[in-house]
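>
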Amino acid sequence: MARERTGLAWQRSALSFGTLAGVALAAAAHRNAPGLVILAAALAGVAAAVWRHGRREYARRAVAAQQRAIALLTLATALTALGVAAAILASL
Numbered sequence: 001m002a003r004e005r006t007g008l009a010w011q012r013s014a015l016s017f018g019t020l021a022g023v024a025l026a027a028a029a030h031r032n033a034p035g036l037v038i039l040a041a042a043l044a045g046v047a048a049a050v051w052r053h054g055r056r057e058y059a060r061r062a063v064a065a066q067q068r069a070i071a072l073l074t075l076a077t078a079l080t081a082l083g084v085a086a087a088i089l090a091s092l
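The numbering of the sequence shown is the working numbering, which starts it at 1 and goes up by one.
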C-alpha cells in the first residue's frame with residue numbers, strides 16, 4: 001500500500017503543477033503577457049519531471065526515503081509561489 005500511496009502523491013503533485021501551467025497559459029493569452037508563457041512552460045516542465053519521478057518510484061519494489069526529491073519539489077513549489085507573486089505584482 002505504501003508504494004501506491006507514494007505513486008499517487010507524486011501524481012497529485014504533477015497534476016498540481018500541470019494545472020498551474022494551464023492557468024498561467026490562460027492568463028498569458030487573456031492578458032497579452034508573454035512572460036507568463038515562459039512561466040507556463042517552466043511549470044509544464046516541472047510537472048513532467050515530477051510525473052516521471054513518480055512513475056519511476058512506483059515501479060520500484062520498495063519505498064525508500066526520497067529526501068533529495070522532496071527538497072527539489074519544495075524548491076520548485078517556492079519558486080512557483082515567487083513567480084506567481086511577481087506576475088501578480090507586475091499586473092497591478
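Using N, Cα and C, we set each Cβ at its ideal position, and we do this for glycine too.
Just so you know, these numbers come straight off a predicted model, no measurement behind them.
Should ALA27 and ALA33 be called a contact, given that it needs their Cβ atoms to be closer than 8 Å?
Cβ distance < 8 Å, so ALA27 and ALA33 count as in contact.
> Hey, LEU25 and ALA87: beta-carbon distance below 8 Å or not?
Not a contact, by the Cβ cut-off of 8 Å.
> Any idea what DSSP makes of ARG56, helix, strand or coil?
In the structure shown, ARG56 sits in a helix (DSSP, three-state: H, G or I).
> Rounded to the nearest angstrom, what separates GLY7 and TYR58 at their Cα positions?
Rounded to the nearest angstrom, the two C-alpha atoms are 5 Å apart.
> Quick one: using the 10 Å Cβ neighbour count with 16 as the cut-off for buried, is THR80 buried or exposed?
Classification of THR80: buried, given that the 10 Å Cβ count is 16 or more.
> Checking 8 Å against the spacing of the C-beta atoms, do VAL73 and SER16 come in under that value?
Position check: residue 73 holds Leu in this sequence, whereas Val was assumed. No.
> CA-CA distance, ALA76 and ARG55?
Near 19 Å, if we compare the C-alpha coordinates of ARG55 and ALA76.
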